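Peer 1: Sequential numbering of the sequence shown, starting at 22, is according to this note's numbering.
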Amino acid sequence: MMPKIGIGALTATVLLSLVVRSGVATARQAGESFFMELPDDGIAFTHGGNMALAAGPPGVALLSEPRVQSGLAILAKLRDASGEVVGFASELEVFPPGADMLQEVVWDTDWTLVIPGRGSLYLRQQEHSGELGAKVIIPTRESGESWRGEWIVTTTVGPRADGRGVIVGGAGEFEGATGSFLEIVTLTGFDLPGILLGRVELRLDMTLPD
22 MMPKIGIGAL TATVLLSLVV RSGVATARQA GESFFMELPD DGIAFTHGGN MALAAGPPGV
82 ALLSEPRVQS GLAILAKLRD ASGEVVGFAS ELEVFPPGAD MLQEVVWDTD WTLVIPGRGS
142 LYLRQQEHSG ELGAKVIIPT RESGESWRGE WIVTTTVGPR ADGRGVIVGG AGEFEGATGS
202 FLEIVTLTGF DLPGILLGRV ELRLDMTLPD
């Protein structure tokens, strides 16, 4: 005797069959990290001219105009988990007027990652530098001596309720990407006039159309 099938189970079976037959896209999870070695992977770094970090290379244009003085822009190479350079990225930050990363503020950051042969990704986050200023930058400036050690901070604090940044979308292999990410900074040194040593990791938790 065949077991009875409830109407709910029958409906679900029919819908699943229709989805499979119609070719409706399904999703898959993909986790991946990209890295930047500091300062070696830096290409260009600029801001309004009043921050604790040095702009470069020499002669780089500053964001000195009033409406962009609160900005910070970075262009850098990207590495995969094996350490091979596989792409490049821009990081564009906007601080509250009159503030910088040494203060207890949260600021907006946009990342664009370009991986030749694969595609590109666009990320948005809110950041906070924790005790970077109090524990590293300010003591170094006051002593005049370089700092060496290990200081790890997850700078991402939003905009998601769980404190993670948002993967807004992508192109190429990353077309239709959604999900979240974290920016994790491992600082191993700070040299005057304002050079950071260490590593930045962008840890992505993506959902991609199958």
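C-beta: ideal position from N, C-alpha, C; glycine also.
Small disclaimer: the values here were computed from a predicted structure and weren't measured.
Does the contact criterion of 3 or more C-beta pairs under 8 Å hold for the stretch 167 to 178 versus the stretch 203 to 214?
Peer 2: Counting Cβ pairs under 8 Å, three or more are found: they touch.
Peer 1: Please classify residue 43: does DSSP put it in a helix, a strand, or coil?
Peer 2: Position 22 of the sequence shown, counting from 1, holds the residue named residue 43. The predicted model places residue 43 with a pLDDT of 41, which falls under 50 and marks its position as unreliable; any figure quoted below should be read in that light. Helix, per DSSP.
Peer 1: For residue 230, does the three-state DSSP call read helix, strand or coil?
Peer 2: Position 209 of the sequence shown, counting from 1, holds the residue named residue 230. Strand, per DSSP.
Peer 1: Looking only at its own chain, which residues have a Cβ that is under 7 Å from the Cβ of residue 47, when we skip the five neighbours before and after it?
Peer 2: Along the sequence shown, one-based indexing puts residue 47 at 26. Around residue 47: 231.
Peer 1: Fully enclosed by the stretch 126 to 213, which alpha helix (DSSP H) runs are 4 residues long or longer?
Peer 2: Runs found: 159 to 164.
Peer 1: Between the Cα of residue 105 and those of 215, 58, 51 and 162, spot the shortest distance and give me the residue it belongs to.
Peer 2: On the sequence shown, position 84 is the one that residue 105 refers to. Checked all of 215, 58, 51 and 162; the closest Cα to residue 105 is 58.
Peer 1: My understanding is that residue 11 touches residue 217, with C-beta atoms under 8 Å, so please give their C-beta distance in whole angstroms.
Peer 2: Residue 11 lies beyond the range of the chain shown here (22 to 231); nothing can be said about it.
Peer 1: Spatial neighbours of residue 221 within its chain, please: CB distance less than 6 Å, with the 5 preceding and 5 following residues excluded, ordered by chain position.
Peer 2: Position 200 of the sequence shown, counted from the start, is the residue given in the question as residue 221. Closer than 6 Å at the Cβ level, and outside the excluded window around residue 221, lie 57 and 206.
Peer 1: Got a sec: does the ligand NAD put a non-hydrogen atom nearer than 7 Å to the Cβ of residue 221?
Peer 2: No copy of the ligand NAD appears in this structure; indeed no ligand is present at all.
Peer 1: Note down, in chain order, each residue of its chain lying with its Cβ closer than 7 Å to the Cβ of residue 224, except the 5 sequence neighbours on either side.
Peer 2: If you number the sequence shown from 1, residue 224 lands on position 203. So the list reads 54, 202, 203 and 205, once near-sequence residues are dropped.
Peer 1: Excluding the five sequence neighbours on either side, which residues of its own chain have a C-beta within less than 8 Å of the C-beta of residue 44, listed in chain order?
Peer 2: Counted from its first residue, the sequence shown places residue 44 at position 23. Reliability of the predicted coordinates at residue 44 is poor, the pLDDT of 45 falling under 50, and the value obtained from them is presented with this limitation in mind. So the list is empty, once near-sequence residues are dropped.
Peer 1: List the endpoints of the continuous beta strand (DSSP E) containing residue 84.
Peer 2: For the purposes of this step, residue 84 is identified with residue 63 of the sequence shown, where counting begins at 1. Run containing residue 84: none; DSSP gives neither H nor E here.
Peer 1: Quick one, are the C-beta atoms of residue 137 and residue 179 less than 8 Å apart?
Peer 2: Here residue 137 is taken as the residue at index 116 of the sequence shown, counted from 1. Here residue 179 is taken as the residue at index 158 of the sequence shown, counted from 1. No, the pair does not count as a contact, with Cβ atoms beyond the cut-off.
Peer 1: Starting from the Cα of residue 63, find the closest Cα among 195, 163, 81 and 102 and give me that residue.
Peer 2: Here residue 63 is taken as the residue at index 42 of the sequence shown, counted from 1. That would be 81, whose Cα lies nearest to the Cα of residue 63.
Peer 1: Assign residue 104 to one of three DSSP states: helix, strand, or coil.
Peer 2: In the sequence shown, the residue the question calls residue 104 occupies position 83. Note: residue 104 maps to coil in three-state DSSP.
Peer 1: Report the three-state DSSP secondary structure of residue 52 (helix, strand or coil).
Peer 2: As a first step, residue 52 is located in the sequence shown; it is residue number 31 there, counting from the start. Looking at residue 52 - three-state DSSP - the assignment turns out to be strand.
Peer 1: Nearest-angstrom Cα distance between residue 130 and residue 182?
Peer 2: The sequence position of residue 130 within the sequence shown is 109, counting from 1. The sequence position of residue 182 within the sequence shown is 161, counting from 1. Straight-line Cα distance between these residues: approximately 17 Å.
Peer 1: Locate the beta strand (DSSP E) running through residue 65, then write down its first and last residues.
Peer 2: The count along the sequence shown starts at 1 and reaches residue 65 at position 44. Unbroken beta strand (DSSP E) run through residue 65: 63 to 68.
Peer 1: Please report how far the alpha carbon of residue 67 lies from the alpha carbon of residue 49, in whole angstroms.
Peer 2: By 1-based counting over the sequence shown, the position of residue 67 is 46. By 1-based counting over the sequence shown, the position of residue 49 is 28. Between residue 67 and residue 49, the C-alpha separation is close to 38 Å.
Peer 1: So what does DSSP say about residue 109, is it helix, strand or coil?
Peer 2: Counted from its first residue, the sequence shown places residue 109 at position 88. Three-state DSSP puts residue 109 in a strand.
Peer 1: Going by Cα to Cα distance, which pick from 97, 133, 149 and 101 is closest to residue 184?
Peer 2: The residue you call residue 184 lines up with position 163 of the sequence shown. That would be 149, whose Cα lies nearest to the Cα of residue 184.
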